[in-house]
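Asks: Protein chains in written order, with my numbering: chain Z, 1 to 117; chain E, 1001 to 1110.
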Amino acid sequence: DARVTQTPRHKVTEMGQEVTMRCQPILGHNTVFWYRQTMMQGLELLAYFRNRAPLDDSGMPKDRFSAEMPDATLATLKIQPSEPRDSAVYFCASGLPRTGGGTGELFFGEGSRLTVL
Amino acid sequence: DQQVKQNSPSLSVQEGRISILNCDYTNSMFDYFLWYKKYPAEGPTFLISISSIKDKNEDGRFTVFLNKSAKHLSLHIVPSQPGDSAVYFCFTGANSKLTFGKGITLSVRP
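This is the structure in structure tokens:
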């Protein structure tokens, strides 16, 4: 049963602390996405990778957020230092390119709920 | 810059009736659209898709309609069931803009 796995599922931390969220994409998927869900903005794209190379991270606050793919089985999203406004659910998704361009169906993990006090 | 817009944040329908969820987009170059469904505390799951070469795609109780001239798509659920109560997102995966709408919360009343 292939699925995207995210850890931790829940994280409560204090302002100023470093937070690292991890994602294991579905084996064979070469495109990985990080989205953030907030009440006001819905699902915001933070960053995405194809074949481990970052293609777009324009949705990410560069001064505190960083996203990497150390290898094909692991994607990380790091926030340092964290702030209360970062409180949200962070979703990782993986997929494959679509014939003709763009991306096909995305498979989402269950999300990491972050609370920054 | 919202390239995909879901202007109605919520919808409530009676069980057995039709649910119609709407989505508008701004870029006529978008050629592929997907609908996702999301339950609380879970990640979104794929529901149905449509390519711009079609104006309709049907899968069981779910039908998506695409009106390219109006840059509008809609998801029809008929008959609606209480288990359909969730947040629905429209999504375009065209090229580099992987944009979701803000979602519509559907409530199906028994």
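C-beta: ideal position from N, C-alpha, C; glycine also.
1. Given that E:T1045 touches chain Z, what residues does it touch there, using C-beta distances under 9 Å?
2. Please say whether E:K1056 and E:Q1047 have beta carbons closer to each other than 7 Å?
3. Indicate the three-state DSSP secondary structure (helix, strand or coil) for Z:R85 in the structure shown.
4. Quick check on Z:G42: does DSSP put it in helix, strand or coil?
5. By the criterion of Cβ-Cβ separation under 7 Å, what are the contact partners of Z:F49 in chain E?
6. Terminal residues of the continuous beta strand (DSSP E) containing E:D1024?
7. Please report the residue range of the beta strand (DSSP E) in which Z:G104 lies.
8. Taking 8 Å as the cut-off, does the stretch 1020 to 1027 of chain E touch the stretch 41 to 49 of chain Z (at least 3 CB pairs, one atom from each stretch)?
9. Can you pull the chain Z neighbours of E:E1042, defined as C-beta to C-beta under 7 Å?
10. Is it buried or exposed, Z:Y90, if we count other Cβ atoms within 10 angstroms and call 16 or more buried?
11. Leaving aside the five residues before and after Z:A72 along the sequence, list all residues of the same chain whose C-beta is less than 7 Å from its C-beta, in chain order.
12. Using a C-beta cutoff of 7 Å, does Z:L114 count as contacting chain E?
13. With DSSP collapsed to three states, give me the class of Z:G95.
14. Do the stretch 1064 to 1081 of chain E and the stretch 1008 to 1022 of chain E meet, that is, are 3 or more Cβ pairs less than 8 Å apart?
15. I'd like to know if the stretch 1 to 9 of chain Z and the stretch 23 to 32 of chain Z are in contact, where contact means that at least 3 CB-CB pairs between them fall below 8 Å.
16. Mapping DSSP to helix, strand and coil, what is E:D1084?
17. When you compare the CB of E:K1102 with every CB in chain Z, is at least one pair closer than 7 Å?
18. For E:R1109, count neighbouring Cβ atoms within 10 angstroms of its own Cβ and tell me buried if that reaches 16, exposed if not.
19. Does the distance from the C-beta atom of Z:G16 to that of Z:P81 stay below 7 Å?
20. Let's test the definition: count the other Cβ atoms within 10 Å of the Cβ of E:Q958 and tell me whether it reaches 16, buried, or not, exposed.
Replies: This is what the structure gives:
1. Simply F107, F108.
2. For clarity, residue 1047 of chain E is Leu in the given sequence; the question names Gln instead. For E:L1047 and E:K1056, no; Cβs fall outside 7 Å.
3. In the structure shown, the three-state DSSP call for Z:R85 is helix.
4. Strand at Z:G42.
5. Within chain E, no residue comes near Z:F49; the closest Cβ sits about 12 Å away, beyond 7 Å.
6. Counting along the chain, the beta strand (DSSP E) containing E:D1024 begins and ends at 1019 to 1025.
7. Z:G104 -> beta strand (DSSP E) spans 103 to 108.
8. A contact between stretches requires three or more CB pairs, one per stretch, nearer than 8 Å, and the stretch 41 to 49 of chain Z fails this requirement with the stretch 1020 to 1027 of chain E.
9. Residues of chain Z passing the Cβ test: E110.
10. Z:Y90 is buried by the Cβ-count criterion.
11. Contacts found: R52.
12. It does not; no Cβ of chain E falls within 7 Å.
13. Assignment of Z:G95 by DSSP, reduced to helix, strand and coil, places it in the strand class.
14. A contact exists between the stretch 1064 to 1081 of chain E and the stretch 1008 to 1022 of chain E.
15. By the Cβ criterion, the stretch 1 to 9 of chain Z is in contact with the stretch 23 to 32 of chain Z, since at least three pairs of Cβ atoms, one from each stretch, lie closer than 8 Å.
16. When DSSP states are grouped into helix, strand and coil, E:D1084 belongs to the helix group.
17. Yes - at least one Cβ of chain Z is within 7 Å of the one on E:K1102.
18. Exposed: under 16 other Cβ atoms inside 10 Å.
19. Taking 7 Å as the cut-off, the beta carbon of Z:G16 is found closer than this to the beta carbon of Z:P81.
20. An answer regarding residue 958 of chain E cannot be provided, because it is not within the stretch 1001 to 1110 covered by chain E.
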